[in-house]
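Report on the structure given below.
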Amino acid sequence: MAACWPSSPPSAAAPEPAMRLLGWTAPGGSTELVVAHGPADAAQRLLVLPAWFDEANKTRHFTQAVMRHLADAGVASVLPDLPGCNESLAPFESQSMATWRAAAQSSAEQLGATHVLAMRAAVAIAPSLPGWAYAPVAGKSVLRGLLRARVLSAREAGRQETSEALLASGLANGLDLAGYRLGAQMVADLADGELAPSTFTIIAQNEIGGAGLWLRAEPDHDAAQAETLAALVAGRLST
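See the structure below:
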């Protein structure tokens, strides 16, 4: 299709787009979306693995803002959809830590990632690259919060549920939590999820100031936190 706007003169460099939508092929064969920021020809490229479940919704704006600030500092970053997430057509219920770990590794290889920024529980699936873990949390802590939220929601609706009964049901048959249908394997993976020792540099929440956005009742944003996290990563990436 012909362009609808005049092309740049030959002597002028075309401006780098602020954001690019790319694709990658997941291990199961599905084509997944990638959001890319920063120079396309960068020697270093940061793989961004976002927070999960309700925390993903609460930090979506924040994550994109971090990538934009990184681009302003000349740092290229890519954020791939994992199978079952966002625009993916792969069934969420079929996913497990193993499928996401394989997907993260494959996306890193296909997208030429040299470093990784894993947010919250995503540290559990991060590939073996140099990088950072932002406010890492164990899978079992994430699951505990999801179960607690469902119990409270049921109580407000006049139903009685317990975390123990929900967990037992989830381990056997899968479970609906925070709008996600988790398969039994994912429930088991989260229930057993510990923060394993890693080579990632940890960036604690108190290093960027304020409370984590995942603690707020509704999705929100904090521009200062996003700018600070990006500056920390960009500064350490350049040293």
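Position 86, counted from 1, in the sequence shown is what the UniProt record's numbering calls 86; the numbers after and before it change by one each time, with no gaps. Cβ coordinates follow ideal geometry from the N, Cα and C atoms, glycine included.
Separation of Q185 from V142, as counted between CA atoms: 15 angstroms
As assigned by DSSP and simplified to three states, the class of P9: Bear in mind that a pLDDT of 40 at P9, under 50, signals an unreliable position, so the number given afterwards is only what the model happens to contain. Three-state result, P9: coil.
Option nearest P50 by Cα separation, candidates A43, G174, G38, M67: M67
Contiguous alpha helix (DSSP H) assignments of at least 4 residues, all confined to the segment 50-86: 53-72
Which listed residue (G209, S153, G131) has its alpha carbon closest to that of S198: G131
Beta strand (DSSP E) segment containing L117, residue limits: 115-119
For V137, the first and last residue of its enclosing beta strand (DSSP E): Neither: V137 is in no beta strand (DSSP E) and is coded neither H nor E.
Which of helix, strand or coil DSSP assigns to G23: strand
Three-pair Cβ contact test at 8 angstroms for the segment 163-172 versus the segment 42-49: no
Supposed contact pair A223 and V75 - C-beta distance, whole angstroms, cut 8 angstroms: Actually they are not in contact, since the Cβ atoms of V75 and A223 sit about 18 angstroms apart, beyond 8 angstroms.
Beta-carbon gap between D189 and M97 smaller than 8 angstroms: yes
Cβ shell of G112 (< 7 angstroms), same chain only, five flanking positions each side left out: R45
C-alpha distance - F92 paired with E55, whole-angstrom precision: 16 angstroms
Residue of T162, Q205, L146 minimising C-alpha distance to V187: L146
CB contact flag (A178, A149, <8 angstroms): yes
Ranges of the beta strand (DSSP E) found wholly within the segment 174-230, counting only runs of at least 3: 175-177, 180-182, 201-203
Separation of A126 from A108, as counted between CA atoms: 9 angstroms
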